[in-house]
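Take a look at the structure below.
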Amino acid sequence: MEQTVEIEAANGDGPRGGRIRERNRLRIIAAAEKVFAERGFDGATTAQIAEAAGLAKSNVHYYFGTKEAIYRAVVAGIVELWLKAFGDITQDDDPAVALTDYIRRKLVYSRKRPLASRIFAIEIIRGAPILKPFLEADLKPWVEAKAGVLERWAAQGKMDPVPAHHFFFLVWAATQTYADFAAQMTAVLGRKKLSDADFETATRTITRIVLKGCGIKPVS
């Protein structure tokens with residue numbers, strides 16, 4: 001009964017309806033992360049997502065319509081966070097500070113949203129059949145713009161010239177692996193899960209190697 005009442009309330013206008021809609025959307029996305037991570041896109045069903053969210057299947061369809069729409073929301077959400085991690089960095093910023101913050105934020109997302117990161121990785125391994133339009137329309141222009149910042153830093157003598165696109169490939173691989181391949185790391189380190197200290201060590205290590213490789217003096 002409570003589920004039905006809340007959906008009906010969400011149909012209304014005003015702040016309360018908006019809050020309920022957003023809360024339910026986030027609830028469905030969080031449940032979908034777990035289902036897609038366990039079963040993959042093909043194996044997951046909206047019924048399973050609804051059960052994990054504690055909502056009726058009809059409610060899930062009310063917010064997203066299709067399984068593919070939920071999948072897009074899950075994967076696009078984590079990519080949006082990754083893109084925002086670089087912030088509004090310009091050529092006037094200090095590359096040591098900017099890149100240190102970027103690497104730290106990327107690893108925070110690997111720690112806090114590992115399932116979404118793994119779903120994205122599986123999608124890419126499959127050849128991005130669902131997300132390819134998004135990658136071409138949103139990710140590619142973002143990389144081109146941020147690559148320009150790195151190139152201008154190099155022109156100003158703030159860092160060594162590096163192939164900017166490959167710089168991002170390197171940082172993505174180094175940071176997202178702590179979500180996507182955590183099982184490999186925990187096996188090697190001999191523990192059940194990566195700790196906050198492990199992520200802090202990863203942040204320091206990756207930052208040091210990246211900055212040194214770009215000829216940038218680390219933040220003191």
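In my numbering, the protein residues as written are 1 to 220.
C-beta: ideal position from N, C-alpha, C; glycine also.
Just so we're clear, the structure is a prediction, and the values are computed from it rather than from any experiment.
For the set Ala47, Ala53, Ala164, the Cα lying nearest the Cα of Gly213 is the one of Ala164.
Taking all protein chains shown into account, Gln156 has fewer than 16 neighbouring C-beta atoms within 10 Å of its C-beta and is therefore exposed.
Ser110 is positioned such that its CB atom lies no closer than 8 Å to that of Thr207.
Per DSSP, the unbroken alpha helix (DSSP H) holding Gly213 starts and ends at 196 to 213.
Taking a cut-off of 8 Å for Cβ pairs, the stretch 43 to 54 and the stretch 113 to 128 do not touch, as fewer than three such pairs fall below it.
Around the C-beta of Phe167, 16 or more other C-beta atoms lie within 10 Å, and the residue is accordingly described as buried.
A distance below 8 Å between beta-carbons, with the five flanking residues on each side excluded, links Arg152 to the following residues of its chain, in chain order: Gln91. Of the other Cβ atoms in all chains shown, fewer than 16 fall within 10 Å of the Cβ of Ala187; this residue is therefore exposed. Contact between the stretch 87 to 105 and the stretch 63 to 78 is absent: fewer than 3 CB-CB pairs across the two stretches fall below 8 Å. In the three-state reduction of the DSSP assignment, Pro163 falls in the coil class. The continuous alpha helix (DSSP H) containing Ala76 extends over residues 67 to 85.
Take Phe120, set aside five residues on each side of it, and the residues of its chain with a beta-carbon closer than 7 Å to its own are Val75, Ile78, Val79, in chain order.
DSSP, read as helix, strand or coil, puts Arg19 in helix.
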